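*Asks:* Every number in our numbering is 16 more than the matching position in the sequence shown, counting from 1.
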Amino acid sequence: MADVLRVGELARLKLLRNGTVIYDQAYAPVEESYTEHAGDRVILGTNTTVDAVNLGGIATAQHLMLETDRVINVGIDSQTNLISVSKALMIVSSFSALYFQNESITNTATVEFLVTD
Numbered sequence: 017m018a019d020v021l022r023v024g025e026l027a028r029l030k031l032l033r034n035g036t037v038i039y040d041q042a043y044a045p046v047e048e049s050y051t052e053h054a055g056d057r058v059i060l061g062t063n064t065t066v067d068a069v070n071l072g073g074i075a076t077a078q079h080l081m082l083e084t085d086r087v088i089n090v091g092i093d094s095q096t097n098l099i100s101v102s103k104a105l106m107i108v109s110s111f112s113a114l115y116f117q118n119e120s121i122t123n124t125a126t127v128e129f130l131v132t133d
């Protein structure tokens, strides 16, 4: 039996003109099924190069949830196009490789992440 991932409402757009609602869109919670997930805690040393992360046997992941205590760079399917993340990141996309980099020369970074297929 597949597990269920529940994603709550993240955004609501409401447009008013002279007190009259002209547009009101709320994104309803979504339930998605997945069969595999993997999570890990990684401690990145100071001034690291771009390192590949083990996705725990998941060939193609669909969801990434990540939390870090320091600013790190994250690459999704790319070692060169990196996203700077300071606290948390949640992405829904199809990817098969994940990369982390800590550019700080004084502090290590602790990263906790979860991926699902």
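Think of the CB as a built atom: it goes at the ideal place given N, C-alpha and C, for glycine as much as any other residue. Since this is a predicted model, take the numbers as computed values, not measurements.
Under a three-way DSSP split, which group does Glu119 fall into?
*Replies:* What you label residue 119 is simply residue 103 of the sequence shown in a count that begins at 1. Note: Glu119 maps to coil in three-state DSSP.
*Asks:* Can you give me the C-alpha to C-alpha distance between Phe111 and Val101, rounded to a whole angstrom?
*Replies:* Residue mapping note: residue 111 aligns to position 95 of the sequence shown, counting from 1. Residue mapping note: residue 101 aligns to position 85 of the sequence shown, counting from 1. Phe111 and Val101: Cα-Cα distance of roughly 18 angstroms.
*Asks:* For a minimum of 3 consecutive residues, which ranges assigned as the beta strand (DSSP E) are wholly contained in the segment 31-107?
*Replies:* Whole beta strand (DSSP E) segments, 3+ residues: 36-42, 46-50, 53-60, 77-84, 88-92, 98-101.
*Asks:* By DSSP, does Thr124 sit in helix, in strand, or in coil?
*Replies:* Residue mapping note: residue 124 aligns to position 108 of the sequence shown, counting from 1. The answer is coil: DSSP assigns Thr124 none of H, G, I, E or B.
*Asks:* If the criterion is Cβ atoms closer than 8 angstroms, does the pair Asn89 and Gln117 meet it?
*Replies:* Here residue 89 corresponds to residue number 73 of the sequence shown, with the count starting at 1. Here residue 117 corresponds to residue number 101 of the sequence shown, with the count starting at 1. Yes, these two residues count as a Cβ contact at 8 angstroms.
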